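Residue numbers (the working numbering), protein chains in the order written: chain Y, 6 to 116; chain H, 4 to 176; chain S, 514 to 1176.
C-beta: ideal position from N, C-alpha, C; glycine also.
No experiment lies behind these values; they were computed from the predicted model shown.
A short write-up of the structure that comes next.
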């Protein structure tokens, strides 16, 4: 991973740095998803993971000089919006039934 | 474009903010505070996007993500009147430990994998950035190569809206 | 002469016709008569007429054809001093594989001509007798069908030109024996007796089959020409072990079919079948198949003298053993059954000392007087409404005179009284035994002759003399269809011996010389004529002694309140435990049960419970258990907590990454 393609304007900040940041953000988001009990917090962590991936794509887009990466990010953002809408609606409905959004307390589909 | 050293400084600050507030988001117990931390993170990410010659998407990030999605989150949190997570209610220590370990492991692995990955190859496409007319270029791409995806996306948004509406109804008439 | 194949086929056709008609008729009858316990009514006259005509007719026609074939053959062979070559009719090639081939081919030579003559003749007479005997029975059609099938199998056996075809007939008669013994299949003891007969035969057949394989292996062919090959081979270099083995194995088969020790146990039980069946199958024809086999392969046996000795000793042993059992039986048919076993022993004794033609001569005469005895006993049983216990008979001489006279004649024949048939044939056997210096066997044979005379006259006395016991006072003579065969057979019992008058008495032993063409006649030492006549008188004396003794004890048999014979009773008391053992047939059946059947049953039970139930079912159950266990363990993964699932995802991705990285 050595930088931009020939023919593309070089980057002032080394691309590796961006990649590391993105990976770290992803890891943090993953930790949050695994460790938190509140369903909404988990969802927030997932959003963070999505954004980390966005950053990754943008970095590669810049490195390759290819707009397709930005296109992907565009779609990811749109899909995340849709997903958030539906997911929060589910949580609302769930809350109505169980009066809680603690995932540990909603473990019904077990043996 | 700002000078190179300036970029480095901006990058450092922005990435620091992003990482710090992301950590804060995970560590916080109150969901409201988590959301707010995440907002800051998103702003930082926007800055990083600008650094990567993607101003349109940076703006999109703020408009859609920070402005719409996280506000929606806040609405729901207020609506459900969610309280702080109580610390002593967690009875799954194994999960916590393993989860932490797994996340660290995977994070490390991913970092390593990303860094060791070979440089992207191939011929640069004619769609170079930074382009002065980035937005028109994006628009052209959207309506030519990615037309199907675009249409599907609009359908998806429609479905999501209808679905959310249905799920939140109290009774089905 | 080129119609030999018709002789077995005619009874087969009779079987098919009678069988089909009986099957169809009985199923339509079953529909008409409602209820399971309708009385077993006899068939209507028209149906009986049909079955009788087809049954008797097919066999009778076969008999006519047989005589048409063999009379010219016999006459021609008698004219030339060494007999003429056998007539072989090849029908078609049954199996051919490489160098071996087995054909369906029929052979008419001296031996098969003789067998054919009495098998068809006595068979026809018994079919005629059955018309009267079985007339009240519902299974009339089935009976005649089976009887015809039996005749087919027996004729195949007698006329076969090779061992496999003989074996076809061998198995066929075994099957028909089973079918006919178990004719009253609704009676448990009859069905069980049928099974016993078949299984005991099967044990013998095992030896027979191995013997046939041995013949193939040794000589490359199973035609009866193999004996020539054997003779040439042996003259070249001594008797190979294979010949001994084959002889013993074939003799094992003969023991099964001809009821020698230890496979005789089925014959007394076989008396559960109808009496004509006992007469035909278990006296005159099927049981002599073993003797026929040994005589056929006589040239082979001669090459293995130790095997012959075995045959002789088993024959003699069986003769005396069965005779002792016959002394104490009270069922008239059982006495005759043990008598048959004993007489068959005599036949094997003859073969064993090398006098194969004497053995066949005895087969010939035995067919007549034993069939007469059995049919006579059937007549007695029928006239007393199916009473078979001699202790409930008595005084019948005046009431059923024709039966009495014929049975008396046959009894004198079997006892060996001069000049009836049995005297000549039995004397031929005893003479040959003495001439070959087997004096121990001779003593056994002589003593058994005395026993034979005794128990046969005991039978006659208890049945016909003395006071009438039970329902004997109301006995009526049987119809003509039954008494006429009796008279014919009794007449033959008197005169049939004249074909074998030995040289010592001035005759020319025609039958012996006739049979020389097809059975072996090894060197028998010459006896001085004086010795021969002396031995004849000795055996005659022993026989007469037996008769008189029986007359003294049973001739004035008592009535129902007193013991039938006080002297016999006193003697029985004196013999104590030995007497009881003899009366209980030497406990042979119990012995077989304990030594053979019980261990097999135990092994079977062990294999069932121990191996099948425990082991094999255990494997099946264990695999099911393991699957269940695995399922129980695996379900712990379904916690229901999304965090666990997320963790699982993460770990999976991590593992995958490591894998990709490492590669």
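- Counting the other Cβ atoms within 10 Å of the Cβ of residue 870 of chain S gives 16 or more, which makes it buried.
- Runs of the alpha helix (DSSP H) lying entirely within the stretch 904 to 950 of chain S and spanning at least 4 residues, in chain order: 914 to 928, 934 to 948.
- The beta carbon of residue 1095 of chain S sits closer than 6 Å to the beta carbons of 837, 841 from its chain, once the five residues preceding and following it are set aside; these are given in chain order.
- If you draw a straight line from the Cα of residue 1155 of chain S to the Cα of residue 38 of chain Y, it is about 10 Å long.
- In this structure, the beta-carbon distance from residue 785 of chain S to residue 694 of chain S falls below 7 Å.
- Taking 7 Å as the Cβ-Cβ cut-off, the stretch 90 to 104 of chain Y approaches chain H at 90, 91, 93, 94, 95, 96, 97, 98, 100, given in chain order.
- Straight-line measurement puts the Cα of residue 613 of chain S at about 52 Å from the Cα of residue 993 of chain S.
- In chain order, 59, 62, 63 place their CB closer than 7 Å to the CB of residue 78 of chain Y, counting only its own chain and leaving out the 5 sequence neighbours on each side.
- Residue 1091 of chain S counts as exposed, since fewer than 16 other C-beta atoms from the protein chains shown sit within 10 angstroms of its C-beta.
- Taking C-beta atoms as the reference points, residue 685 of chain S and residue 666 of chain S count as a pair closer than 7 Å.
- Bridge partners of residue 619 of chain S according to DSSP: S:602, S:673.
- In its chain, beyond the 5 residues on either side, 676, 735, 739, 759 have a beta carbon closer than 7 Å to the beta carbon of residue 728 of chain S.
- By the neighbour-count definition (other C-beta atoms within 10 Å, threshold 16), residue 950 of chain S is an exposed residue.
- According to the DSSP secondary-structure assignment, residue 609 of chain S is paired through a beta bridge with S:614.
- When DSSP reads this structure, residue 71 of chain Y sits in no beta bridge, so it has no partner.
- Per DSSP, residue 56 of chain H lies in no alpha helix (DSSP H) and is assigned neither H nor E.
- Relative to residue 930 of chain S, the option among S:652, S:715, S:1006, S:945 whose CA is nearest is S:1006.
- Residue 1060 of chain S is positioned such that its CB atom lies no closer than 7 Å to that of residue 923 of chain S.
- Per DSSP, the unbroken alpha helix (DSSP H) holding residue 99 of chain H starts and ends at 96 to 119.
- Here the stretch 14 to 34 of chain H lies against the stretch 45 to 53 of chain Y, with 3 or more beta-carbon pairs under 8 Å apart.
- Just so you know, the alpha carbons of residue 146 of chain H and residue 71 of chain Y end up roughly 17 Å apart.
- At least 7 Å separates the CB of residue 51 of chain Y from every CB of chain H.
- Three or more Cβ pairs closer than 8 Å define a contact, and the stretch 783 to 802 of chain S meets that threshold against the stretch 885 to 897 of chain S.
- Proximity of residue 1167 of chain S to chain Y, defined by a Cβ-Cβ separation below 7 Å, is not satisfied.
- Scanning its chain for C-beta atoms nearer than 7 Å, with the 5 sequence neighbours on each side dropped, one finds around residue 910 of chain S the residues 917, 977, 978, in chain order.
- With a threshold of 7 Å between beta carbons, residue 1159 of chain S makes contact with chain Y.
- Bridge pairing for residue 736 of chain S: S:675 [DSSP].
- Assignment of beta-bridge partners to residue 43 of chain Y by DSSP yields Y:107.
- With a contact defined as Cβ atoms closer than 8 Å, residue 571 of chain S and residue 524 of chain S qualify at about 5 Å.
- Between residue 766 of chain S and residue 799 of chain S, the C-beta gap is not smaller than 7 Å, which leaves the two residues out of contact.
- Distance from the CA atom of residue 12 of chain H to the CA atom of residue 55 of chain H, rounded to whole angstroms, is 14 Å.
- Counting only residues of its own chain and dropping the five nearest sequence neighbours on each side, residue 1101 of chain S has a CB closer than 7 Å to the CB of 778.
- With a threshold of 16 other beta carbon atoms within 10 Å, residue 20 of chain Y meets it and is buried.
- Collapsing the DSSP output to three states places residue 1130 of chain S in a helix.
- A Cβ of chain S is located within less than 7 Å of the beta carbon of residue 98 of chain H.
- Near chain Y, meaning a CB-to-CB distance below 8 Å, the residues of the stretch 21 to 32 of chain H are 21, 22, 25, 26, 28, 29.
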